[in-house]
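Participant:
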Amino acid sequence: IDEKTLKREGVCAASLPTTMGVCAASLPTTMGVVAGMLVQNVLKYLLNFGTVSYYLGYNAMQDFFPTMSMKPNPQCSDHNCRKQQENYKVKM
Numbered sequence: 018i019d020e021k022t023l024k025r026e027g028v029c030a031a032s033l034p035t036t037m038g039v040c041a042a043s044l045p046t047t048m049g050v051v052a053g054m055l056v057q058n059v060l061k062y063l064l065n066f067g068t069v070s071y072y073l074g075y076n077a078m079q080d081f082f083p084t085m086s087m088k089p090n091p092q093c094s095d096h097n098c099r100k101q102q103e104n105y106k107v108k109m
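Residue numbering for the sequence shown is 18 to 109, as defined by our numbering.
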């Protein structure tokens with residue numbers, strides 16, 4: 018979807034005025050919501066309750082939160098990345 022079709026002239030979160038065509042509240046609001054979800058996930062991990070999400074994503078067009086487990090790339094080109102993977106394997 019072309020993002021230009023999503024923007025509506027004069028429309029901004031919480032009816033705040035736009036500054037140079039950019040809504041002043043959109044980015045901080047989004048960052049606050051994502052931060053809250055991450056904090057909730059950390060609390061679930063630390064307090065050992067619920068299901069911890071290892072990936073946080075959101076598709077606003079479909080109102081969908083994807084769930085997946087991300088794995089390390091064994092063919093990573095970064096030496097430090099591969100070293101950390103080996104250190105983790107030794108721990109486990």
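Note that beta-carbon positions come from the ideal geometry of N, C-alpha and C, so glycine has one too.
1. Taking residue 73 and residue 85 to be in contact with their CB atoms under 8 Å, please state how far apart those CB atoms are, rounded to whole angstroms.
2. Out of 51, 71, 56, 60, which has the shortest C-alpha to C-alpha gap to residue 87?
3. Can you list, in chain order, the residues of its chain whose CB lies under 7 Å from that of residue 100, leaving out five sequence neighbours each side?
4. Look at the Cβ atom of residue 90, then the Cβ atom of residue 83, and state whether they are nearer than 8 Å.
5. Can you check whether the CB of residue 69 is closer than 8 Å to the CB of residue 58?
6. According to DSSP, what are the bridge partners of residue 81?
7. So residue 88 is in the alpha helix (DSSP H); what residue range does that whole segment cover?
Facilitator: This is what the structure gives:
1. Actually they are not in contact, since the Cβ atoms of residue 73 and residue 85 sit about 10 Å apart, beyond 8 Å.
2. 71
3. none
4. no
5. yes
6. 76
7. Neither: residue 88 is in no alpha helix (DSSP H) and is coded neither H nor E.
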